[in-house]
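Participant: Protein chains in written order, with our numbering: chain A, 12 to 283; chain B, 558 to 891.
My questions all concern the structure below.
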């Protein structure tokens, strides 16, 4: 299933709660293997929750440019009852740890980074040809901004006034070799997108209400929009050891148990 | 040669590069956001001034490497094999291969050795690099050859693509083994079948040869670490001395070792039946572990045995591959 398939239905009563459930679900997905892309889920949980709270089921599209982030949309879709995630990341499962062409839920994902924004621009063009007013919510990571293709797509989208295109840029300052700003200076990120002709909001990527408000107002106006979401790959999970690698977190059984306890506690507190 | 399970080593490439760089000041190291994964954290620690973070920007990295080589440096460029070849193919062609510059492109994680799915599995890197004029293409089998390939390519005047296994690297050859860029090696002599293997498939080829030998099929095993330029003399003499030629590679059957051997045999008019073992013109998939993929995509010892058994028209079921009893810190073919 894809969120944009006609007839798909879900509701998100409380995006804050959904963000917490995405974190808890992601921990449970990664725990059987003992490692995985948990940092990406922790960093993007509020963005994913806000997208699912904002997107019109069966109409709007979701593009998950960095395939390593697919854990977030999978977790959200499972929490909303749209998919059964059993077998996640096991041999033979369609729920692969890095998103592929088999990955359900999203309209597009790719484990080779920096290509999703071009796909999103392609969807926006296709929708324009077809007369559809679907929005294309596109998850992009800050590390991907090192790839030139992202900027090719950014130029194209602004030139062609693809204003149904909304990018959620996960600015978590994390890439494999270390903090992004130690490898490549990206700042000023917001000014770069603005100079490329995009409408820009620069905001706390863990403030789900702020994200929902920004997403709701994003599409339209003749320009594509980008939300620069300031985040951390450790957010909302205090039990992670300080040396945890944000790109690929090791989660041995004791740590997984502690993580489940912590997140279950937070969820109960939120519901109380 | 040693017998499986083979002991394993960590970072034989990274250590060899450091050793070479101690002697050669013109060697530079570029990394595309995969520094530890490509073993060049060792280089970065010892020669920080000659280490360049290219970031996740392969096209830029390749064009820069070409210019560095024009200025007399010998850049070794590191990333995973997929990102080293597909993504910056045009830059490699125009900035490196066409001007025939001494850039060394080191692509880790060959074929389905990674469970990371099609975006991370280099199943066509050999084909892509082999198609480029001037490019030397190397796919070594073990830690001994990995250590030797670094000094072996240091002085080649043109560009080189080396594909390397990531992580635990088996030690298969003895210390007296010598990797030569102009030679394929007959490591097992046989009379019925000439089995050509490169890279990670050498271990499977050796195991299959042993099992088939026990069942009365005499299989020679030829290690082909250099796929281009191919040692056609050794390929032809081995094929001529057998009834059946078989290739085994952790790569698509299109464009790599199988194609190179097929072209050589056909152009010589040798007329031997040929079977190519590799990915059958398909993308693979993500999984929990690589052995599952080696089994699923026909790269196991059993698959090699069955291919040869049926190609020879042997009656009855193919002999069984021994179950690999492999402990921690050891490597056996799947």
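Positions of the beta carbon are idealized from the N, C-alpha and C atoms, including for glycine.
1. With 8 Å as the C-beta to C-beta threshold (strictly closer), list the residues of the region 148-173 of chain A near chain B in chain order.
2. Would you kindly work out how many angstroms separate the C-alpha atoms of residue 793 of chain B and residue 784 of chain B, rounded to a whole number?
3. Would you check if there are 3 or more beta carbon pairs closer than 8 Å linking the region 825-837 of chain B to the region 794-813 of chain B?
4. Of all the CB atoms in chain A, is at least one closer than 8 Å to the CB of residue 570 of chain B?
5. Touching or not, the region 153-165 of chain A and the region 128-137 of chain A, by the rule of three or more beta carbon pairs under 8 Å?
6. Since residue 259 of chain A and residue 48 of chain A should fall inside the 8 Å C-beta cutoff, what is the C-beta to C-beta distance between them, to a whole number of angstroms?
7. Grouping DSSP H, G and I as helix and E and B as strand, with all else coil, what is residue 105 of chain A?
8. Compare the C-alpha of residue 301 of chain A against each of A:255, A:118, A:50 and name the closest.
9. Excluding the 5 residues preceding and the 5 following residue 562 of chain B in the sequence, name in chain order all residues of the same chain whose CB lies nearer than 8 Å to its CB.
10. Does any residue of chain A have a CB that is nearer than 8 Å to the CB of residue 610 of chain B?
11. For residue 186 of chain A, which beta-bridge partners are listed by DSSP?
12. For a test of your reading of the model: does the CB of residue 646 of chain B fall under 7 Å from any non-hydrogen atom of the ligand SAM? Yes or no.
13. Using DSSP with H/G/I as helix, E/B as strand and the rest coil, what is residue 738 of chain B?
14. Are at least three pairs of beta-carbons, each pair with one atom in the region 773-790 of chain B and one in the region 683-693 of chain B, less than 8 Å apart?
15. Taking 8 Å as the threshold (C-beta atoms), are residue 675 of chain B and residue 842 of chain B in contact?
16. Who does residue 696 of chain B pair with in a DSSP beta bridge?
17. In this structure, how does DSSP classify residue 928 of chain B when only helix, strand and coil are distinguished?
18. Can you check which of these residues, A:217, A:124, A:238, is closest to residue 225 of chain A by C-alpha distance?
19. Between the region 55-62 of chain A and the region 210-222 of chain A, do three or more beta carbon pairs fall short of 8 Å?
20. Residues bridged to residue 286 of chain A by DSSP?
21. How would you label residue 590 of chain B, buried or exposed, when you count the other beta carbons within 10 angstroms and need 16 or more for buried?
22. Can you pull the chain A neighbours of residue 732 of chain B, defined as C-beta to C-beta under 8 Å?
23. Name the DSSP bridge partner or partners of residue 673 of chain B?
24. Taking only three categories from DSSP, how would you classify residue 876 of chain B?
25. Return the chain-ordered list of same chain residues with a C-beta closer than 8 Å to the C-beta of residue 736 of chain B, the five sequence neighbours on each side being excluded.
26. Note down the Cα distance separating residue 863 of chain B from residue 764 of chain B, rounded to an integer number of angstroms.
27. Have a look at the DSSP bridge pairing and note the partners of residue 833 of chain B.
28. With a 10 Å radius around its C-beta and 16 neighbouring C-beta atoms as the bar for buried, classify residue 105 of chain A as buried or exposed.
29. List the residues of chain D whose Cβ lies closer than 7 Å to the Cβ of residue 109 of chain A, in chain order.
30. I think residue 942 of chain B touches residue 827 of chain B, with their Cβ atoms under 8 Å apart; what is that distance to the nearest whole Å?
31. Taking the alpha carbon of residue 672 of chain B as the reference point, which residue from B:850, B:818, B:695 has its own alpha carbon closest?
32. I want to verify the contact list: residues of chain A whose CB lies under 7 Å from the CB of residue 854 of chain B, in sequence order.
33. Quick one: using the 10 Å Cβ neighbour count with 16 as the cut-off for buried, is residue 615 of chain B buried or exposed?
34. Which residue marks the beginning of the alpha helix (DSSP H) containing residue 222 of chain A, and which one marks its end?
35. Using DSSP with H/G/I as helix, E/B as strand and the rest coil, what is residue 570 of chain B?
36. Enumerate in chain order the residues of its own chain whose CB-to-CB distance from residue 236 of chain A is below 8 Å, with the five nearest sequence positions on each side excluded.
Facilitator: The answer reads as follows:
1. 154, 155, 157, 158, 159
2. 14 Å
3. yes
4. no
5. yes
6. 7 Å
7. coil
8. Absent from the model: residue 301 of chain A. The displayed extent of chain A is 12 to 283, so no value can be given.
9. 881, 882, 883, 884, 887, 888, 889
10. yes
11. A:189
12. In the structure on display, the ligand SAM does not appear, and there are no ligands present to speak of.
13. coil
14. yes
15. yes
16. B:720
17. Nothing in the structure corresponds to residue 928 of chain B, since chain B is present only between 558 and 891.
18. A:238
19. yes
20. With chain A covering only 12 through 283, there is no way to say anything about residue 286 of chain A.
21. buried
22. The contacting residues do not exist; residue 732 of chain B stays about 34 Å from chain A at best.
23. B:843
24. coil
25. 697, 701, 702, 705, 706, 709, 782
26. 13 Å
27. B:804
28. exposed
29. The chain labelled as chain D is not found among the protein chains of the depicted structure, namely A and B.
30. With chain B represented from 558 up to 891, any question about residue 942 of chain B goes unanswered, as that position is not in the structure.
31. B:850
32. Those do not exist, as residue 854 of chain B stays about 12 Å from chain A at its closest Cβ, beyond 7 Å.
33. buried
34. 219-227
35. helix
36. 174, 176, 177, 178, 209, 210, 211, 212, 229, 230
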